[in-house]
Amino acid sequence: MIGQQKISSFFSPVQQKRPLCSKEDTNVPVKKAKNDPADSKENVHEALTSPSLSPEQKQRIDRNQAAAKAKRIAAQTKGLVVNMGASWMKALEPEFSKPYFTKLSEFIHSERQKSLAIFPPADQVFTWTQMEDIKNVKVVILGQDPYHGDGQAHGLCFSVPEKIRPPPSLENMFKELESDIEGFKPPGHGNLTGWAQQDVLLLNAVLTVQAHRANSHKDMGWEKFTDAVVSWINKNLHGVVFMLWGSYAQKKGACVDKKRHHVLSTVHPSPLSAYRGFLGCKHFSKANELLKKQGKKPIDWTYLPKPCNGTFSPK
Numbered sequence: 001m002i003g004q005q006k007i008s009s010f011f012s013p014v015q016q017k018r019p020l021c022s023k024e025d026t027n028v029p030v031k032k033a034k035n036d037p038a039d040s041k042e043n044v045h046e047a048l049t050s051p052s053l054s055p056e057q058k059q060r061i062d063r064n065q066a067a068a069k070a071k072r073i074a075a076q077t078k079g080l081v082v083n084m085g086a087s088w089m090k091a092l093e094p095e096f097s098k099p100y101f102t103k104l105s106e107f108i109h110s111e112r113q114k115s116l117a118i119f120p121p122a123d124q125v126f127t128w129t130q131m132e133d134i135k136n137v138k139v140v141i142l143g144q145d146p147y148h149g150d151g152q153a154h155g156l157c158f159s160v161p162e163k164i165r166p167p168p169s170l171e172n173m174f175k176e177l178e179s180d181i182e183g184f185k186p187p188g189h190g191n192l193t194g195w196a197q198q199d200v201l202l203l204n205a206v207l208t209v210q211a212h213r214a215n216s217h218k219d220m221g222w223e224k225f226t227d228a229v230v231s232w233i234n235k236n237l238h239g240v241v242f243m244l245w246g247s248y249a250q251k252k253g254a255c256v257d258k259k260r261h262h263v264l265s266t267v268h269p270s271p272l273s274a275y276r277g278f279l280g281c282k283h284f285s286k287a288n289e290l291l292k293k294q295g296k297k298p299i300d301w302t303y304l305p306k307p308c309n310g311t312f313s314p315k
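Have a look at this one:
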């Protein structure tokens, strides 16, 4: 599945004049009188619904408004929330003004100001929102903490960039896939973007970590935020398959309504526990059976292409 656009993609310069003139429509500042009716929500709504505007013009206005919101939230969170997918931004925006998220933003900003290496890079913290619309999520795989080694974390749980050797837990996932999914062969890299493009949410409970210090950003607020993500999916979607591997993921997923969704639980794929139930669990094929029973397209777990020129080719 082709991923949804990043918020950052909305910042392209406007080439054509538009009938509706607003601060988002032009780079030239325009002075307006106080209480100018052109600034009112009613006038914006009237302009957006006006038959004189073409669909393309309305889309440009929407993009400009989304871009303005993204700038505002980036400033509000001290640069923490950047490159978030548009649908996720809309659903999760209420969290950004809560006290816990303000404290989290200040903490991460302080860490970065100290020139500490924080993983993943700032523009990849929300990679998990960039591949799919929040309303289209089919499968959720929950992780715990980002990889803390150099170059490993890139915003998807269990996944690493293609030039990084797959960690042991991911190697065990590939072993299970080989025995569970016909035609699966280890791809020779550990980048799981191909799954994310198919509406598989690869979400860590904590989204940042200090280099070489596992769990260093634990209990700083990320857990509350990712709880809100799980809660939104639980309340607003139907038939999502949650893969909960290990006690940590199972506790985090305890809120999932099993009458509304499907939960597959087993031990973590870590070498310390994989042979106590993960290997042989067949969660990947079971997830597809559950999706097919709902009339949803199953996940092609074999689709893990290597990037082309730094990006992944859409399926």
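Position 47 of the sequence shown, counting from 1, maps to 47 under the UniProt record's numbering, and the rest follow consecutively. C-beta atoms are modelled at their ideal positions from N, C-alpha and C, and glycine is treated no differently. All values reported here derive from a predicted model rather than from experimental measurement.
Going by beta carbon distance, what residues of the same chain come within less than 6 Å of Lys224, once the five residues before and after it are set aside?
-> Cβ neighbours of Lys224 beyond the five flanking positions: Tyr100.
Let me know the secondary structure DSSP gives Thr77 once reduced to three states.
-> Residue state, collapsed to three classes: coil.
Going by DSSP, which residues form a beta bridge with Ser265?
-> According to DSSP, Ser265 shares a beta bridge with Leu244.
Opposite Val139 in the DSSP bridges: which residues?
-> In DSSP, Val139 forms a bridge with Val200, Val241.
Residues of its chain near Asn35, where Cβ-Cβ distance is below 8 Å and the 5 sequence neighbours each way are ignored = Annotation note: pLDDT 45 at Asn35 (below 50); position unreliable, coordinate value reported separately. Excluding sequence neighbours, Asn35 sits near nothing in its chain.
Rounded C-alpha distance that separates Lys306 from Leu53 | If I take the Cα positions, the gap works out to 42 Å.
Look at the alpha carbon of Val137 and the alpha carbon of Leu116, and state the distance between them as a whole number of angstroms.
-> Each residue's alpha carbon lies about 34 Å from the other.
Are there 16 or more other CB atoms within 10 angstroms of the CB of Leu304, so buried, or fewer, so exposed?
-> Buried is the call here.
Of the choices Tyr275, Ala274, Lys297, Arg276, whose alpha-carbon is the least far from that of Ser285?
-> Answer by Cα proximity: Lys297.
For Arg260 and Val230, the rounded distance between their alpha carbons = When the Cα atoms are used, Val230 and Arg260 turn out to be separated by approximately 13 Å.
Express the C-alpha separation of Gly151 and Phe177 in angstroms, rounding to a whole number.
-> The identity of residue 177 in the sequence shown is Leu, whereas the question assumes Phe. Rounded to the nearest angstrom, the two C-alpha atoms are 25 Å apart.
Measure how close the beta-carbons of Ile134 and Ala91 come, nearest whole angstrom, since I'm counting them as under 8 Å.
-> That belief holds up - the Cβ atoms of Ile134 and Ala91 are roughly 5 Å apart, short of 8 Å.
Would you identify the three-state DSSP class for Gly253, choosing helix, strand or coil?
-> Helix.
Do residue 336 and Gly221 have their CB atoms nearer than 7 Å?
-> Because the chain spans 1 through 315 in this model, residue 336 falls outside it and cannot be assessed.
Consult DSSP for Phe96 and reduce its assignment to one of helix, strand or coil.
-> Phe96 falls in the helix class under three-state DSSP.
Compute the Euclidean distance between the alpha carbons of His262 and Leu202, then round it to the nearest angstrom.
-> Distance between the alpha carbons of His262 and Leu202: 16 Å.
Classify Gln294 as buried or exposed, calling it buried when 16 or more other Cβ atoms lie within 10 Å of its own Cβ.
-> Within 10 angstroms of the beta-carbon of Gln294 lie fewer than 16 other beta-carbons, which makes it exposed.
Under the three-state DSSP convention, the category Gly85 falls into = The answer is strand: DSSP assigns Gly85 an E or B state.
Have a look at Asp300 and Lys114 and give me their C-alpha separation to the nearest angstrom.
-> Going from the Cα of Asp300 to the Cα of Lys114 covers about 43 Å.
Hey, how far is the Cα of Ser270 from the Cα of Ala74?
-> Whole-angstrom Cα-Cα distance: 36 Å.
State the beta-bridge partners of Ile118 as determined by DSSP.
-> As computed with DSSP, Ile118 is found in a beta bridge with Gln210.
For Lys218, the three-state DSSP class (helix, strand or coil) = If DSSP states are grouped into helix, strand and coil, Lys218 belongs with coil.
If you follow the alpha helix (DSSP H) that Glu289 is part of, which residue opens it and which one closes it?
-> For Glu289, the enclosing alpha helix (DSSP H) has its first and last residue at 283–293.
Between Asp219 and the ligand GDP, is the CB less than 6 Å from at least one heavy atom?
-> Only the bare structure without any ligand can be found here, which leaves the ligand GDP out of the picture.
Own chain partners of Tyr147 with C-beta closer than 6 Å, once the 5 adjacent residues on each side are dropped | The beta carbon of Tyr147 sits closer than 6 Å to the beta carbons of Ala153 from its chain, once the five residues preceding and following it are set aside; these are given in chain order.
Check Pro168 in the structure and name its three-state DSSP category.
-> The answer is helix: DSSP assigns Pro168 an H, G or I state.
In the structure shown, what three-state DSSP assignment does Glu56 receive?
-> Helix.
Between the C-alpha atoms of Ala205 and Gln144, what's the straight-line distance to the nearest angstrom?
-> Distance between the alpha carbons of Ala205 and Gln144 is about 5 Å.
What do you get for Lys258, buried or exposed, if any count of 16 or more other CB atoms within 10 angstroms of its CB means buried?
-> Around the beta carbon of Lys258, fewer than 16 other beta carbons lie within 10 angstroms, which makes this residue exposed.
Can you give me the Cβ contacts of Gly188 inside the same chain, cut-off strictly under 6 Å, excluding the 5 residues immediately before and after it?
-> Counting only Cβ-Cβ distances below 6 Å, and skipping sequence neighbours, we find nothing.
Inter-residue CB distance, Gly253 and Leu142 (contact presumed, cutoff 8 Å) = About 6 Å; that satisfies the 8 Å criterion.
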